[in-house]
Amino acid sequence: MKYILMILMLFLSACSIKNYEKTQAKIIIIKSLKIKFADIGYLRSTDKAIELEMFIAGHAVQKIQINHLICVKEGCMSKGGFNEDYLHHSYPDDILQNILLGHEIYDGKSKSKTDSGFEQKIVNDDVDIKYRVNDKEIFFKDSKNKIIFKIKDTK
0 MKYILMILML
10 FLSACSIKNY
20 EKTQAKIIII
30 KSLKIKFADI
40 GYLRSTDKAI
50 ELEMFIAGHA
60 VQKIQINHLI
70 CVKEGCMSKG
80 GFNEDYLHHS
90 YPDDILQNIL
100 LGHEIYDGKS
110 KSKTDSGFEQ
120 KIVNDDVDIK
130 YRVNDKEIFF
140 KDSKNKIIFK
150 IKDTK
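Going by numbering that gives the first Met the number 0, the sequence shown opens with residue 0, and the numbers climb by one from there.
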């Protein structure tokens with residue numbers, strides 16, 4: 000009986016609500032073929048998971064959860080599958096989480112430091128990316144594929 004109770008507790012804890020270590024209200028602008036959003040969002044994160052919850056007029060309209068998979072309203076998929084469906088197939092698997100957290104993309108390719116952060120410009124046959132991270136804003140624009148992410152502090 001003791002072992003059944005322990006197994007049941009482990010099983011139920013896997014479905015429990017995550018306690019995110021960091022929660023930030025942000026102004027979020029996303030433009031891609033499948034996602035168009037411009038309003039307030041909450042970015043929550045731990046060492047292993049990220050959640051972006053987007054609101055319009057106080058109502059949650061989309062939630063993107065990232066851990067080993069990326070989950071949206073339509074279901075969960077691999078990071079590469081998400082890129083293929085929502086962004087661009089040539090993007091590295093970790094690009095969305097790196098953008099949301101303001102980390103370098105493409106393993107730091109063409110990275111140059113600025114006074115309050117860094118910039119990257121990546122141009123090849125598939126992409127024409129300008130990516131800028133500073134104290135107040137994260138800005139990602141792929142001109143070739145018409146994708147924009149802009150994440151600003153609400154203050």
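For glycine and all other residues, C-beta sits at the position ideal for the given N, C-alpha and C.
- Within the same chain, 24, 25, 26, 39 come within 8 Å of residue 153 by CB-CB distance, once the 5 residues on both sides are set aside.
- Membership of residue 32 in any alpha helix (DSSP H) is not indicated, and neither H nor E is assigned to it by DSSP.
- In the DSSP assignment, residue 141 falls within the beta strand (DSSP E) that extends over 136 to 141.
- Going by DSSP, residue 83 is part of no beta strand (DSSP E) but of the alpha helix (DSSP H) stretching over 78 to 85.
- Within the same chain, 38, 39, 40, 60 come within 7 Å of residue 54 by CB-CB distance, once the 5 residues on both sides are set aside.
- When the five nearest sequence neighbours on each side are left out, the beta carbons in the same chain lying within less than 6 Å of the beta carbon of residue 75 are those of 68, in order along the chain.
- Membership of residue 68 in any beta strand (DSSP E) is not indicated, and neither H nor E is assigned to it by DSSP.
- Residue 82 counts as buried, since at least 16 other C-beta atoms from the protein chains shown sit within 10 angstroms of its C-beta.
- In this structure, residue 115 lies away from residue 97, with their beta-carbon atoms at least 8 Å apart.
- Under the DSSP definition of a beta bridge, residue 152 partners with 25.
- Straight-line measurement puts the Cα of residue 109 at about 24 Å from the Cα of residue 29.
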